Structures are given as C-alpha cells and as structure tokens.
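Novice: If you scroll down you'll find the structure; I have some questions about it.
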Amino acid sequence: MSARSIEVTITSPTGDHAVFDRVEVAADVQADEPVERVEFFLNGRRVATATQPPYRVWVDVGEENLQRHFTVIAIGSSGARVGAAVSTPAVQIDLVVDAPLQQLYATAIREDRPVLDLGRADFQIFDSGVEQEIVTFERGDLPMTIALLVDVSESMRGEQLQVALDAARGFLTRLTPLDEALVMTFSDRTHRVTTSSSEIEGLAAALEGLQSGGGTSLNDHLYLALRLLDRRQGRPVIIVLSDGADTLSFLTMEEVLWKAHRSNAVIYRIHLHPSGIRSVPLATSWRSTEAHADEVGGLEAAVDDSGGRVTVLARLEDLEQALDDVLQELRQQYVVGYYPTDPKDNGTWRPIRVEVSAPEIEIRTRAGYVD
C-alpha cells in the first residue's frame, strides 16, 4: 500500500488570517487503509495526537503576534505517513505597541432569538470611541472554563437545594470533553471548591451530601471565583445559583466589581425567588435597606458589564432549562479580538462598544476593561 492511499487536508486554521490563544486544528483524512493515528505539530513541535475521527484538537498558540506553522501527519497501519501543512500570518502593523489582545465574547440577539450568521465584516468594535481593527474572529463552540457556584445557605433548604444540586449535576454532564469546570458550594463559608477539571464524575461528587445552613457570602465567593479563573485556558465563565442577596461577606460589591472589571470572565446569575422579582427590600443589623439595594445594584452591574445576564426564576422546575439556555448561549457566541490602539497602561477604564451592520440586532458583550 503506497503513501498515496492517504490524503490529508487541514480544514482549520485556513491560513488566511492571524491566530492567537486557543486555536482549533482540524484535518480531514481520507484513506484506503486503517489510520493508526494523526499527529499535530506547531512550528515543528508535536503538540497533540488523535487516534480516531473527527481529527480535531485545540492548541494554545499564545498571544504573540507571530507567523505560525501547523503540520498534520496521518500514519496508516502500513506505516505510510502523509502530511499537510498550513501557515497563518502575523498581523501586519506599522507601529509596534505593547498592548494585550482584547477578546470579546459577544451574543447577538434579534427579537429574543440568537443571530448565528454574522461574519467578521459585519462587526465594528469601538474602544474609547475609536474604531479598532479586528484581528481574530471565531464562531460557535469554543472551549470554556466554567466556575459553577451553588448557594447552600439556610434559605436554600429542602426541595430548593435538592433541585439546585440536581440541576447543577445535569449541567456538568452536558459539557464537552474540551471544556473544564470547577464547582464551588458556599453559604457564609466555603463548603467545597474543586480544582478546574474536565472529569465530570469528580466535579459532580462535590455536589453530593450537602446540607443547607448559614448565611450568604455571595460577594466573597464571586471574588474568589474570579481569582480562580485568572490565567485559566478557555473562555472564563461564572454561573451563580442563589436564592438571595449577600448578607455576610467581608468584601463589598464595589470591591468585587473592581476585580470583575479586570477579568475577562462572563458572569451569569440565576436567581431563585418565588416572587420572580429581581430583588426585594432587605435590611440587616449591619446594612440598611439602601445599602443592601446598593449591593444588589453592584452585583447586577458586575453581571451586565461582563456581558452576562441575570435570570430570575419563580419556579424550581425551570432551573434545568435556565442552565441549558446559558450553555446554549455560550455555544453560540462570537469571539472577536483586537489590539487596542493608543494603549495607556494607566489603570483607566476604557469603554467598549460593538456594532453590527445588520438591523435590529442587540449585541451583548463586556462593557470595557481597565487599561
């Protein structure tokens, strides 16, 4: 059997634009003999091996603005080796600046339905009012690292807690092998927190044998989740399942918002409340009604500014669907990247605005970042 009995075509990346961060490398392999394995190389170094189709892997190529060379080699059962190669260009720039790549995870909505057919040319990004050049553009199912926070405070007792834990376990089973997650259960203290992993059984085990009790330190644990997602691979996402507002945190929501503005994480809050109201008046011995309202407003600002959303559920039976809706939304996001012009590196807030050429489309993404 000759080597010509195997044909390899690299389908991703295509080589027509620069690539950064995590990149899907995929190949179509046609063979007249069994394929033993397919090896993936980046700049001459083997980075992954696949033994069965589909032959696709995710490779961390870094954020440097460089030309990159991808090679895929298929090895047949006869020992025949056939490869294909593609090179991706560096971004051509006239002025070299030390600015990090800014990546936006954008959800496109028209009449409450996702818009899935937009292309790179449909998007415009404005950073501090100045239009930017888009250097990366991806659509669809990109790997994620999700921090799943579950409130197990006293107010979550009984059926509410069991439904929340069951829904969280079901959510984990719907992640792909390329996704990672960490599980954090909390009240006024941290009950359990796992490391980030793609091993679903281990993550689900952290949701077993829990009992409700204590108050709610939501601020502290949201801050902790943001810290844990720092420098993690994949799109950072935080999902908070809780039935109430913060009551016992050491940190204020202003401090959490400070951290959220320095993170690329998208935050989703699923609020379980029988009334179906986003927030209700609350007062404690150390916070007035007005102070609690400010904390809730700060939480909603953190969610909105991250590009996420708040979902209020009056019925427990809607929780599983709400989690599915979040996951589907994440799978349908656009990932758009650019290098900011005129970076200051002075700690100032830089607002971001994203527009699309198609009419009546709402774009939800993060509101900005700290330079």
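For the sequence shown, my numbering assigns the number 53 to the initial residue and increments by one for each residue that follows. Idealized CB from N, CA, C, for every residue including glycine. Fair warning: this is a prediction, and the values are worked out from it, not measured in the lab.
(1) What three-state label does DSSP hand Gly399 in the structure shown?
(2) What does the alpha-carbon distance come out to for the pair Val167 and Leu379?
(3) Decide if Thr237 is buried, meaning its Cβ has at least 16 other Cβ atoms within 10 Å, or exposed.
(4) If we require 3 or more residues per run, which beta strand (DSSP E) segments fall completely within the region 336 to 389?
(5) Among residues of its own chain, excluding the 5 on either side of Arg235, which ones have a beta-carbon nearer than 6 Å to its beta-carbon?
(6) Compute the Euclidean distance between the alpha carbons of Leu365 and Ile322, then round it to the nearest angstrom.
(7) Can you tell me whether DSSP reads Leu27 as helix, strand or coil?
(8) Assuming contact is defined by CB atoms lying nearer than 8 Å, are Tyr390 and Gln184 in contact in what I supplied?
(9) Given 8 Å as the limit, is there contact between the region 214 to 230 and the region 300 to 308, that is, 3 or more CB pairs closer than that?
(10) Is the shortest distance between the beta-carbon of Thr400 and the beta-carbons of chain D less than 8 Å?
(11) Take Glu206 and list the residues in its own chain whose beta-carbon comes closer than 8 Å to its own, dropping the five residues that flank it on each side.
(12) Helix, strand or coil for Gln214 per DSSP?
(13) Less than 8 Å separating the beta-carbons of Val187 and His243?
(14) For His432, which residues of its own chain have a beta-carbon under 6 Å away from its beta-carbon, when the five flanking residues on both sides are left out?
(15) How many angstroms separate the CA atom of Leu276 from the CA atom of Ala312?
(16) Considering only C-alpha positions, which residue in the set Ala353, Glu253, Ser129 and Arg283 is nearest to Leu224?
(17) Tell me Gln154's beta-bridge partners as DSSP assigns them.
(18) Among Thr101, Val111, Ala343 and Asp295, whose alpha-carbon lies nearest the alpha-carbon of Gly210?
(19) Identify the residues that DSSP records as bridge partners of Met208: which are they?
(20) Flag this pair as touching only if the region 371 to 385 and the region 115 to 131 have three or more C-beta atom pairs under 8 Å; answer yes or no.
(21) Please classify Val289: is it buried, with 16 or more other beta-carbons within 10 angstroms of its beta-carbon, or exposed?
(22) Please report the straight-line C-alpha distance between Val111 and Leu278, rounded to a whole angstrom.
(23) Does the Cβ-Cβ distance between Asp68 and Val113 come in under 8 Å?
(24) For His323, list the residues DSSP reports as bridge partners.
(25) Based on the DSSP output, what are the partners of Val124 in its beta bridges?
(26) When we look at the beta-carbon of Gly192 and count the other beta-carbons within 10 Å, is it buried (16 or more) or exposed?
Specialist: Based on what the coordinates show:
(1) coil
(2) 16 Å
(3) With 16 or more Cβ atoms within 10 Å of its Cβ, Thr237 is classed as buried.
(4) Within the region 336 to 389, the runs of beta strand (DSSP E) at least 3 residues long that lie entirely inside it are, in chain order, 362 to 365.
(5) It is worth fixing the name first, because residue 235 is Val in this sequence and not Arg. Taken in chain order, the residues that qualify are Leu200, Thr246, Leu255 and Ala258.
(6) 7 Å
(7) The structure shown does not extend to residue 27, since the chain is modelled only from 53 through 423, so no value can be given for it.
(8) yes
(9) no
(10) In the displayed structure, chain D is absent; only one protein chain is listed.
(11) Ser239, Ser264, Gly265, Gly266 and Gly267
(12) helix
(13) no
(14) This structure cannot settle anything about residue 432, because the visible part of the chain is limited to 53 through 423.
(15) Each residue's alpha carbon lies about 11 Å from the other.
(16) Glu253
(17) Tyr390
(18) Asp295
(19) Paired residue(s): none; Met208 is not in a bridge.
(20) These segments do not touch.
(21) buried
(22) 24 Å
(23) no
(24) Ser294 and Val364
(25) DSSP, once it has assigned bridges, lists Phe92 and Ala136 as partnering Val124.
(26) exposed
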